[in-house]
Amino acid sequence: MSARILLTLAAGVALASCGKPKADEAPASQPAAAVEEAQSTGAAESQPLPAAFDASAAIAGVYKTDPRHAYITFSYDHQGYSKPWLRWRSWSGELNWNPASPDQSSIVVDIDAASADSGVAEFDDHLRSADFFDAANHPKISFRSTSVALTGGAAGTVTGDLTIKGVTRPVTLDVTINKAASDDFAKAYKLGFSAKGVVKRSDFGVDKYVPFVGDDVTVVIEAEFVMPRPESPQ
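Taking our numbering, the leading residue of the sequence shown gets -2, the next gets one more, and so forth.
Following this line, the structure appears as structure tokens:
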């Protein structure tokens, strides 16, 4: 056998042995980035959730809506195609908060019925018409609470009388007080809350196109209320 053939066979055996993994060879270590990601994920999962705000810590008194941070939006089903969101551009509210006896608290909301805003002028005109809110004859939509109940921590319910187009019906909202604190920038006490409920519009005579357009209307409130702080003595 020639030397060239022997060299060729030797090279083939060497290459084959290099390509075959050893049975007891340890698996390759994970990339550092993957290890760090796993560690950070585990650390995040082990972190305790922030404690919910305790509504009893809010300062007692009469708060009024901050119009720069107060929103009432509503949504309905449009023939199954979409669930558009609209808002009321003009409204005001007053919250009389009693942290010692939350059930003695109350809230009043007044909405300009002509201020429904869909972002489409022609549709807004239709909403103001007698087909819907009839703002010319019923310029105000109002809510007057009849009961306030905390169900734990910062969560609770507010039940009250909602009046639309001269018709009054009871409505219950699920409410969460998000935060209450003394705001140095505003020089006022602030209290912010979220509320959500469902209203059947036909109950108030706003039944145009039902059932082709949804009867159930989801109402969401995101609002901040303010109360002036007492002046500090000079």
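Idealized CB from N, CA, C, for every residue including glycine.
One Cα belongs to R125, the other to E119, and the distance between them is close to 10 Å.
Check the Cα spacing between D100 and each of A152, A185, T215 and N175: the tightest is with A152. A distance below 7 Å between beta-carbons, with the five flanking residues on each side excluded, links D212 to the following residues of its chain, in chain order: K197, R198 and S199.
Inter-residue distance for T169 and T156 is about 4 Å (C-alpha atoms, whole angstroms). Within the model, the alpha-carbon separation for T173 versus L147 is close to 9 Å. Straight-line measurement puts the Cα of V216 at about 20 Å from the Cα of L188. Rounded to the nearest whole angstrom, the C-alpha separation of P96 and A113 is 33 Å. K61 has E91 and V223 as its beta-bridge partners, per DSSP. Counting only runs of 3+ residues, the beta strand (DSSP E) found wholly inside the segment 126 to 197 occupies 137 to 149, 152 to 161, 164 to 180 and 185 to 197, in chain order. The alpha-carbon of P136 is positioned some 7 Å away from that of A111. For R84, the beta-bridge partners assigned by DSSP are T70 and D114.
Spatial neighbours of S139 in its own chain (CB-CB distance under 6 Å, excluding positions within 5 residues in sequence) are listed in chain order as D107 and T160. Judged by DSSP in its simplified three-state form, S102 adopts coil rather than helix or strand. Inter-residue distance for S79 and V223 is about 36 Å (C-alpha atoms, whole angstroms).
Residue environment analysis places T143 among the exposed positions, since fewer than 16 neighbouring C-beta atoms fall within 10 angstroms of its C-beta. For D51, the three-state secondary structure derived from DSSP is coil.
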